[in-house]
Structures are given as structure tokens and as C-alpha cells.
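Visitor:
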Amino acid sequence: MITGKKALGHLAGKLPHNPRMPETLVTRRQLLGAASAAGILSLAASAAPSPPQPSRPVAIATPRPKAPPPPPPPASKPAVHPLAKPVYTLEQFRKAAGGPAFPADAVALTIDDGPHPVWTPKILRLLHKHQVPAMFCMIGNQVQGHESVAKDVVHDGHHVANHTWSHPTHLAKRKSGLVNKELIRAQEKIHDTTGAVPTVFRSPGGDWSPTVLRSAAEHHLIPLDWSDDPRDWSRPGVPHITNRLLAAKPGQILLCHDGGGDRSQTYQALTTVIPALKARGYTFVALNGR
Ligand SMILES: [Zn+2]
Numbered sequence: 001m002i003t004g005k006k007a008l009g010h011l012a013g014k015l016p017h018n019p020r021m022p023e024t025l026v027t028r029r030q031l032l033g034a035a036s037a038a039g040i041l042s043l044a045a046s047a048a049p050s051p052p053q054p055s056r057p058v059a060i061a062t063p064r065p066k067a068p069p070p071p072p073p074p075a076s077k078p079a080v081h082p083l084a085k086p087v088y089t090l091e092q093f094r095k096a097a098g099g100p101a102f103p104a105d106a107v108a109l110t111i112d113d114g115p116h117p118v119w120t121p122k123i124l125r126l127l128h129k130h131q132v133p134a135m136f137c138m139i140g141n142q143v144q145g146h147e148s149v150a151k152d153v154v155h156d157g158h159h160v161a162n163h164t165w166s167h168p169t170h171l172a173k174r175k176s177g178l179v180n181k182e183l184i185r186a187q188e189k190i191h192d193t194t195g196a197v198p199t200v201f202r203s204p205g206g207d208w209s210p211t212v213l214r215s216a217a218e219h220h221l222i223p224l225d226w227s228d229d230p231r232d233w234s235r236p237g238v239p240h241i242t243n244r245l246l247a248a249k250p251g252q253i254l255l256c257h258d259g260g261g262d263r264s265q266t267y268q269a270l271t272t273v274i275p276a277l278k279a280r281g282y283t284f285v286a287l288n289g290r
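Each residue of the sequence shown is one higher than the one before, starting from 1 at the first, in our numbering.
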């Protein structure tokens, strides 16, 4: 298990330009959303035993004052933010997550469908070489069996996002029970494995529905989409991926993949794209959540 101190220390050493990710190292209680927390509180209140009744009359002249009623449960955030909608740009992300504005020349790199035992370590080495942070959108059942790779991602100072447990297709068509299970199981696996609690959720294929958005909101997860998809997952060739990524504009959230198959084209493209965008003056920023 990685302690907050260790991860921060490591991060400070490796990624001096993006030195903070404390929000991912929070207590397990934050795994549960406001709705579940409120549910637990009300359950606990209703299950509390009633005070013992005196077995004989109490020998005092004035009636004993009634015990004050239990305090109401603490106010929680509304379960569903009425304006919850997917985040496509850095400006929208900052609005959803709060905090200071990103630099004007910022871009963010997001890497989906891992962790993968071959491609994730290669991409981690590339990111380390160029001192660039990324957000890894992890699939719970890929963390399973590749725990050490998932830990390395966090150890290197990168952020992790919840990308469901099993990457179901058409999540937007699924019922809330299944959507919730996918989110919760992935959230628990990522936290148990890495010590980090994701604050961001990416729906597979960017498939959003009111049900998916409500589930993300209930678990305090920012729904993250992207600005540009180079379709690297379809293996369209290194030049195609490279050119699409080189067309990135400041303020964009870029999408790539380290899982889901042979990612040699993605890796090859990134070896060119990362130094080229840096040379252009772009700043790769970490997507630090709430
Ligand atoms: Zn995916």
C-alpha cells in the first residue's frame, strides 16, 4: 500500500510541475456518495435502541424532561447535481472540479483501458522521460491481475480514474443497478490496490445517459469525456494517430489507450507527440479532481 506521504514525496521528485494529488489519497468513507452516506445515517438512526424504561416510578416531584430528539443527519450535497454533464475541455473540468485555472497553453493526456502488463510500463517510462503527467482511466477487472502495474501508475504520480469494472458496451442503455455496480466495484478495486480514490469517471466509449451521470454524481465522480479522439484503439496507423494528436489545441483533453490490445501504434505515436507538443510550448497538466 502506498502511503500519502510516500506518493506525494515520489510525485514531488518525479513531476515537479504537477506536484499535487492529495485528493486521491483520502479516506475510504469518500468511496460512498452522498446518497449512500445519507442512507447509512438514516438506517443507523432507525436501528438505534430506544432508551431503557425505568422499572419503577421515579421519586421526583417534577416530571423528568424528555430526552431531546436526535439531531438531524448532517446536510449532504444533493445526490444529483442538476447541471451534471460530461466534461469535454479543460475549462469545463476546472469548473466541475474547482481550483485555479489551468495555464493557457495546457493540454491533458488521458490513457484508457489499462492497466496493461506490456503497454502501461512502456508508457510510464515515456512519461517519466519527458516529465509529463497523465490520467489513467482504469478498468477494474484489468487492475485485477495487474495490481503491481496499477500501483506503479500511482507511484509515478499520475492520477487514476474509474473506467467501470468490466467496460460494458452501451453503458448508457443499462439500468441504474448495473451502472452502480460497475462504478462501485471498480472504485473499490482501484482504491484497495493503489490507495488512491478516483474522483473522475469516464464512461466506456463516452456513452452518457441521465442514469450514468446520476450514478457518477452519487459517487462524487466528475464525468470526463475528451476533446479529441485519434481512434488509436482501432489501430489506424502511427501517422494517423500522430497527426491527430499533433493537431491538439490548448485547453483540450486528449484520449489514448494503453489497454485493449496491441498498443504499439499508440506508444510509437506518443514518442513523437509528447516531445513535439512540449517543444511547441504546451504544458501537460494533471487532472486533479475535487
Ligand atoms: Zn475504454
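We treat Cβ as the ideally placed atom computed from N, Cα and C, and that holds for glycine. Owing to the predicted nature of the structure, the values given are computational and were not obtained by experimental measurement.
Does at least one heavy atom of ligand 1 sit under 7 Å from the Cβ of Asp113?
Guide: Here residue 113 refers to the residue found at position 113 of the sequence shown. Correct: Asp113 has its Cβ closer than 7 Å to ligand 1.
Visitor: DSSP state of Trp288, grouped into three classes?
Guide: Position 288 of the sequence shown holds residue 288. In the sequence as displayed, the identity of residue 288 is Asn instead of Trp. In this structure, Asn288 counts as coil in the three-state DSSP scheme.
Visitor: Work out the CA separation of Asp228 and Ile274 for me, nearest whole Å.
Guide: Taking the first residue of the sequence shown as position 1, residue 274 is located at position 274. Taking the first residue of the sequence shown as position 1, residue 228 is located at position 228. If I take the Cα positions, the gap works out to 15 Å.
Visitor: Based on Cα-Cα distance, which residue from Arg214, Val154, His159, Pro250 lies nearest to Leu183?
Guide: Taking the sequence shown and counting its residues from 1, the one referred to as residue 183 is at position 183. Comparing Cα-Cα distances from Leu183 to each of Arg214, Val154, His159, Pro250, the minimum goes to Arg214.
Visitor: Would you say the beta carbon of Pro239 comes nearer than 7 Å to a heavy atom of ligand 1?
Guide: Here the question's residue 239 lines up with position 239 in the sequence shown. The answer is no for Pro239.
Visitor: Specify the secondary structure class of Ala276 as computed by DSSP and reduced to three states.
Guide: As a first step, residue 276 is located in the sequence shown; it is residue number 276 there, counting from the start. Ala276: helix per DSSP, three-state reduction.
Visitor: Can you give the beta carbon distance from Val160 to Val153, rounded, assuming they're within the 8 Å contact cut?
Guide: Translated into the one-based positions of the sequence shown, residue 160 becomes position 160. Translated into the one-based positions of the sequence shown, residue 153 becomes position 153. Indeed, because the Cβ distance is near 6 Å, the residues count as touching under 8 Å.
Visitor: In terms of residues, what are the limits of the beta strand (DSSP E) holding Val107?
Guide: The count along the sequence shown starts at 1 and reaches residue 107 at position 107. Segment 106 to 112, the beta strand (DSSP E) holding Val107.
Visitor: Is the stretch 133 to 140 in contact with the stretch 96 to 105, if contact means three or more CB pairs nearer than 8 Å?
Guide: Judged by Cβ distances under 8 Å, the stretch 133 to 140 makes no contact with the stretch 96 to 105, as fewer than three pairs qualify.
Visitor: Give the straight-line distance between the Cα atoms of Arg235 and Thr242, rounded to the nearest whole angstrom.
Guide: On the sequence shown, residue 235 is found 235 positions in, with the first residue counted as 1. On the sequence shown, residue 242 is found 242 positions in, with the first residue counted as 1. Computed Cα separation, rounded: 12 Å.
Visitor: Around the C-beta of Gly195, are 16 or more other C-beta atoms found within 10 angstroms, so that it is buried, or is it exposed?
Guide: If you number the sequence shown from 1, residue 195 lands on position 195. Classification of Gly195: buried, given that the 10 Å Cβ count is 16 or more.
Visitor: Can you find a heavy atom of ligand 1 that lies under 7 Å from the Cβ of Pro204?
Guide: For the purposes of this step, residue 204 is taken as the residue at position 204 of the sequence shown. Yes, Cβ of Pro204 sits closer than 7 Å to a heavy atom of ligand 1.
Visitor: Where Pro168 and Leu109 are concerned, what is the direct C-alpha to C-alpha distance, given to the nearest angstrom?
Guide: As a working note, residue 168 is residue 168 in the sequence shown. As a working note, residue 109 is residue 109 in the sequence shown. Taking the straight line joining both Cα atoms gives about 23 Å.
Visitor: Does ligand 2 have a heavy atom nearer than 7 Å to the CB of His170?
Guide: Among the ligands present in this structure, namely ligand 1, ligand 2 is not found.
Visitor: Measuring CA to CA, which of Val197, Pro210, Asp232 is closest to Arg174?
Guide: Looking up residue 174 in the sequence shown gives position 174. The shortest C-alpha separation from Arg174 is found at Pro210.
Visitor: Buried or exposed: where does Pro198 fall if 16 or more other Cβ atoms within 10 Å of its Cβ makes it buried?
Guide: Against the sequence shown, residue 198 aligns to sequence position 198. Label assigned to Pro198: buried.
Visitor: Check the DSSP bridge columns for Ala161 and list the partner residues they point to.
Guide: As a position in the sequence shown, residue 161 is number 161, starting the count at 1. Ala161 pairs with Cys137.
Visitor: Does the count of Cβ pairs from the stretch 214 to 223 and the stretch 247 to 256 closer than 8 Å reach three?
Guide: Short answer: they don't touch.
Visitor: Considering only heavy atoms of ligand 1, does any lie closer than 7 Å to the CB of His163?
Guide: Along the sequence shown, read from residue 1 onward, the residue named residue 163 stands at position 163. Yes, the beta carbon of His163 sits closer than 7 Å to at least one heavy atom of ligand 1.
Visitor: For Arg244 and Gln142, what's the separation of their Cα atoms in angstroms?
Guide: Counting from 1 along the sequence shown, the entry for residue 244 is found at position 244. Counting from 1 along the sequence shown, the entry for residue 142 is found at position 142. Taking the straight line joining both Cα atoms gives about 27 Å.
Visitor: Give the straight-line distance between the Cα atoms of Gly304 and Pro230, rounded to the nearest whole angstrom.
Guide: Outside the shown range of the chain, which is 1 to 290, sits residue 304, and nothing can be said about it.
Visitor: Considering only the alpha carbon of each residue, which of Asn288, Thr272, Gly206, Ser264 lies closest to Lys291?
Guide: The requested residue 291 does not occur in the structure, where the chain is confined to residues 1 to 290.
Visitor: Under the assumption that Gln187 contacts His219 (Cβ atoms under 8 Å), give the Cβ distance between them as a whole number of angstroms.
Guide: Taking the sequence shown and counting its residues from 1, the one referred to as residue 187 is at position 187. Taking the sequence shown and counting its residues from 1, the one referred to as residue 219 is at position 219. That belief holds up - the Cβ atoms of Gln187 and His219 are roughly 7 Å apart, short of 8 Å.
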